[in-house]
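Heads up, the thing below is written out as structure tokens.
Number of protein chains: 2
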Amino acid sequence: MKPSISYITLGVDDLDRAVAFYRDVLGFPTDGIVGTEFESGAVAFFPLQSGLILALWPRESLAKDCGVEVKPRDVSSLMLAHNVSNREQVDHLVAELRYAGATIKKPPRELFWGGYGAIFQDPDGHLWEIVYNPHTAS
Amino acid sequence: MKPSISYITLGVDDLDRAVAFYRDVLGFPTDGIVGTEFESGAVAFFPLQSGLILALWPRESLAKDCGVEVKPRDVSSLMLAHNVSNREQVDHLVAELRYAGATIKKPPRELFWGGYGAIFQDPDGHLWEIVYNPHTAS
Numbered sequence: 001m002k003p004s005i006s007y008i009t010l011g012v013d014d015l016d017r018a019v020a021f022y023r024d025v026l027g028f029p030t031d032g033i034v035g036t037e038f039e040s041g042a043v044a045f046f047p048l049q050s051g052l053i054l055a056l057w058p059r060e061s062l063a064k065d066c067g068v069e070v071k072p073r074d075v076s077s078l079m080l081a082h083n084v085s086n087r088e089q090v091d092h093l094v095a096e097l098r099y100a101g102a103t104i105k106k107p108p109r110e111l112f113w114g115g116y117g118a119i120f121q122d123p124d125g126h127l128w129e130i131v132y133n134p135h136t137a138s
Numbered sequence: 001m002k003p004s005i006s007y008i009t010l011g012v013d014d015l016d017r018a019v020a021f022y023r024d025v026l027g028f029p030t031d032g033i034v035g036t037e038f039e040s041g042a043v044a045f046f047p048l049q050s051g052l053i054l055a056l057w058p059r060e061s062l063a064k065d066c067g068v069e070v071k072p073r074d075v076s077s078l079m080l081a082h083n084v085s086n087r088e089q090v091d092h093l094v095a096e097l098r099y100a101g102a103t104i105k106k107p108p109r110e111l112f113w114g115g116y117g118a119i120f121q122d123p124d125g126h127l128w129e130i131v132y133n134p135h136t137a138s
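Those protein sequence lines, which keep their order, are chains B and D.
Going by my numbering, the residue at position 81 of the first sequence is 81; the numbering climbs one at a time, nothing skipped.
Going by my numbering, the residue at position 70 of the second sequence is 70; the numbering climbs one at a time, nothing skipped.
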């Protein structure tokens, strides 16, 4: 299996709320909710870098499609990271997110491995790290 | 915020088991578990396409780092998709995964939107779809 991921689909409890957060707060481009003509089809896509696509889909739809149960949320199973090229960008993005009312779990701080980063949650609790990695930054 | 994801970190309950699955069953390249010199540092990285990195990290470490609780697993919050370029590749990969003992949640099947795909779970229950999308395939 070629080491690649084409779609990252996040299960959400309120699709409108999640789309509003990713589109209006994070500023990710999207055509909005599509697929409403299909049962369990309502979904929103956000094209990211290099063919990678972020999708938001109701947890009920995802669970039904995959043959699993919807259980109370566990947010410790996933963290997405958004790398930036300097510390100031971490501070700046976190200030914007805080202003927009996002949940900041960890303010910008030094990380044990030499990085500098902060952690926030989307409206469904999905964890995101905004991080500057001095070892890989150009 | 630029629409990009640098790292996808999956929280796992048994790091050795998860690394073995991604390395030996899926065939993803890795240097194995690194960072063991740091408290909660043990992690494994798998470079994917275009700078995207998949990381496996114990859920306890992830939760501690992010200031969240570890709760019973909920697998309905995430699905990763691996797109392939024809239906035969879906069948072939699923046959290999089945032979390797992976949990196949949905065998290869026609999808309502015109695709053809199957769903499996990694040892921690993280959902993966192997899918052929005739609308985007070259």
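Heads up, the beta-carbon is just placed ideally off N, CA and C, and yes, glycines get one too.
Given that a residue counts as buried once 16 or more other Cβ atoms are within 10 Å of its Cβ, and exposed if not, what is residue i?
i: residue 109 of chain D; result: exposed
i: residue 90 of chain B; result: buried
i: residue 102 of chain B; result: buried
i: residue 134 of chain D; result: exposed
Consider the C-beta atom of residue i and the heavy atoms of the ligand ADP; say whether any pair is separated by less than 6 Å.
i: residue 71 of chain D; result: Ligands displayed in this structure: none; no statement on the ligand ADP is therefore possible.
Report yes or no: is there a C-beta of chain D within less than 7 Å of the C-beta of residue i?
i: residue 7 of chain B; result: yes
i: residue 11 of chain B; result: yes
i: residue 59 of chain B; result: yes
i: residue 108 of chain B; result: no
i: residue 56 of chain B; result: no
i: residue 120 of chain B; result: no
i: residue 138 of chain B; result: A caution first: residue 138 of chain B carries a pLDDT of 48, below 50, which makes its placement in the model too unreliable to give a value.
Are the CB atoms of residue i and residue j nearer to each other than 7 Å?
i: residue 75 of chain D; j: residue 68 of chain B; result: yes
i: residue 44 of chain D; j: residue 52 of chain D; result: no
i: residue 46 of chain B; j: residue 36 of chain B; result: no
i: residue 113 of chain D; j: residue 80 of chain D; result: no
i: residue 111 of chain B; j: residue 1 of chain D; result: no
i: residue 132 of chain B; j: residue 86 of chain B; result: yes
Would residue i count as contacting chain B if we go by Cβ distances under 7 Å?
i: residue 71 of chain D; result: yes
i: residue 49 of chain D; result: yes
i: residue 104 of chain D; result: no
i: residue 33 of chain D; result: no
i: residue 27 of chain D; result: yes
i: residue 3 of chain D; result: yes
Is residue i helix, strand or coil by DSSP?
i: residue 73 of chain B; result: coil
i: residue 21 of chain B; result: helix
i: residue 102 of chain D; result: coil
i: residue 68 of chain D; result: coil
i: residue 81 of chain D; result: strand
i: residue 110 of chain B; result: strand
i: residue 62 of chain B; result: helix
i: residue 95 of chain B; result: helix
i: residue 129 of chain D; result: strand
i: residue 11 of chain D; result: strand
i: residue 138 of chain D; result: Its pLDDT being 48, under 50, residue 138 of chain D is placed unreliably in this model, and the coordinates cannot settle the point.
Counting only Cβ pairs nearer than 7 Å, list the residues of chain C close to residue i.
i: residue 21 of chain D; result: Protein chains in the displayed structure are B and D, and chain C is not among them.
Give the residues of chain B in contact with residue i, contact being defined as C-beta atoms less than 8 Å apart.
i: residue 41 of chain D; result: 112 and 113
i: residue 45 of chain D; result: Those do not exist, as residue 45 of chain D stays about 11 Å from chain B at its closest Cβ, beyond 8 Å.
Check the Cβ of residue i against every Cβ in chain B and list those closer than 7 Å, keeping chain order.
i: residue 83 of chain D; result: 6
i: residue 123 of chain D; result: Result: empty, since nearest Cβ-Cβ is about 13 Å, beyond 7 Å.
Kindly list, in the order they appear in chain D, the residues whose Cβ is closer than 9 Å to that of residue i.
i: residue 63 of chain B; result: 75 and 76
Using a Cβ cut-off of 8 Å, pull out every chain D residue sitting near residue i, in sequence order please.
i: residue 15 of chain B; result: None at all; the shortest Cβ gap to chain D is about 14 Å.
List the residues of chain B whose Cβ lies closer than 9 Å to the Cβ of residue i, in chain order.
i: residue 67 of chain D; result: 105, 106 and 119
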